[in-house]
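Just so it is clear: in the sequence shown, position 153 is 227 by the working numbering, and no numbers are missing.
The beta-carbon is built from N, C-alpha and C at its ideal position, and this holds for glycine as well.
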Amino acid sequence: MSLIAEREELPQLSEFELKLFARQLQLPDFGLESQQKLKAATVMISRVGGLGGTVAMLLARAGIGGLVLAHNGVIEHENLNRMHLAFREHLGKPRIEVFRETLLKINPELKLVCEPDNVTEENASRLVAQADIVVDGSPSFEERYLMNREAVRQNKPLVMAAMSGLEGYATTILPGATPCLSCIYPEPPEYWTVLGFPVIATSSVLVATIAAMEAIKLITGYGETLAGQLLYCDLSSNIFQRMQIEPRPDCAVCGPAAQTV
Ligand SMILES: [Zn+2]
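Pasting the structure below:
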């Protein structure tokens, strides 16, 4: 099922776009309509670091119509081992502005909303409302719980992607149909570290690739998503596992008790 299926009119592709996307239009069963659906869609990305920034880059390359990005702060030295949208000349500059500039070089027609702040109680609802899908790459469980709550409230698919060291995790949350983040983690895991966690570009790019493809699948209906499944991968041993996850009946966000609030 495609997220954009019910829309009456899909945007046309220009001659330039048809040439630009010629190779992905060759994907079996992908087709012109999938490309038009990508152009019609907007994805919100919480935190554009090594993970979320790479998702933004991949979606821009794939022909997404719009992106809503949220991240505060500036480009720092230790970011440059993994951020494809930033270069040494950008050190000390506001990250969201640097990313805007680079993404518009990839696609000058890309519709961009750039929030120079991380997700908060104040902006979460507004940011999610502007998108068809949310991809969360935040290192903060507090921000992830806000995105989860808003996605469930606004009935929007949420792709959760996380990594640390050489390990990565991803799942796709479909409100009302799959477990939400609070079903999987009612409390933040004790081992989780927000600041200074180890990261090498290979693992953030791997998880970003999975997350971006989940967004593309949700938008176009192409392939099978990770809805209801948690993908775990470990690049140190090349282990890839998919685990079935179940909704938590007493979930405070998506359980029956939450519906009455
Ligand atoms: Zn839940």
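Residue i in three-state terms, based on DSSP
| i | result |
| --- | --- |
| G239 | strand |
| F90 | helix |
| I284 | helix |
| L143 | strand |
| A205 | coil |
| I119 | strand |
| R174 | helix |
| C325 | coil |
| P330 | helix |
| V279 | helix |
| Y306 | strand |
| V193 | coil |
| V335 | Low confidence applies to V335: its pLDDT is 45, below 50, so where it sits in the model is not reliable, and the reading given next is rough at best. In this structure, V335 counts as coil in the three-state DSSP scheme. |
| L77 | coil |
| C257 | helix |
| F161 | coil |
| R156 | coil |
| L292 | helix |
| L132 | helix |
| I313 | strand |
| L101 | coil |
| A96 | coil |
CA nearest to the CA of residue i, picked from the options
| i | options | result |
| --- | --- | --- |
| F95 | I78, A134, G126 | A134 |
| S311 | E150, V226, K291, S277 | S277 |
| F215 | P190, V129, T194 | T194 |
| Q345 | I313, T294, E320 | With the chain represented from 75 up to 335, any question about residue 345 goes unanswered, as that position is not in the structure. |
| V117 | E217, D210, D308, N146 | D210 |
| R227 | S108, P260, G329, Q86 | G329 |
| G239 | S256, T283, A275, E163 | A275 |
| F30 | K291, R316, A115 | No answer is possible for residue 30: it lies beyond the span of the chain, which begins at 75 and ends at 335. |
| L178 | N197, I138, D191 | I138 |
| Q98 | Y306, Y296, R322 | Y296 |
| V233 | G123, E91, A282 | A282 |
Buried/exposed call for residue i, threshold 16 Cβ in 10 Å
| i | result |
| --- | --- |
| P263 | exposed |
| G140 | buried |
| P203 | First, the amino acid is wrong: residue 203 is Ala here, not Pro. So A203 ends up on the exposed side. |
| Q100 | exposed |
| K113 | buried |
| V327 | buried |
| I258 | buried |
| G250 | exposed |
| M237 | buried |
| S199 | exposed |
Expected contact under 8 angstroms - CB spacing of residue i and residue j to nearest Å
| i | j | result |
| --- | --- | --- |
| L77 | I170 | About 26 angstroms separates the two Cβ atoms, so there is no contact after all. |
| F173 | A130 | 7 angstroms |
| E217 | S108 | No, E217 and S108 are not in contact; Cβ-Cβ is about 31 angstroms, not under 8 angstroms. |
| L84 | G127 | Rounded, the Cβ-Cβ distance is 28 angstroms, inconsistent with contact. |
| N153 | N192 | With 8 angstroms as the limit, N153 and N192 do not qualify as a contact, their Cβ atoms being about 15 angstroms apart. |
| L132 | A301 | The pair is not a contact, with the Cβ atoms about 20 angstroms apart (cut-off 8 angstroms). |
ask   = What is the chain-ordered set of residues for which the beta carbon lies under 5 angstroms from any non-hydrogen atom of ligand 1?
value = C254, S256, C257, C325, V327, C328
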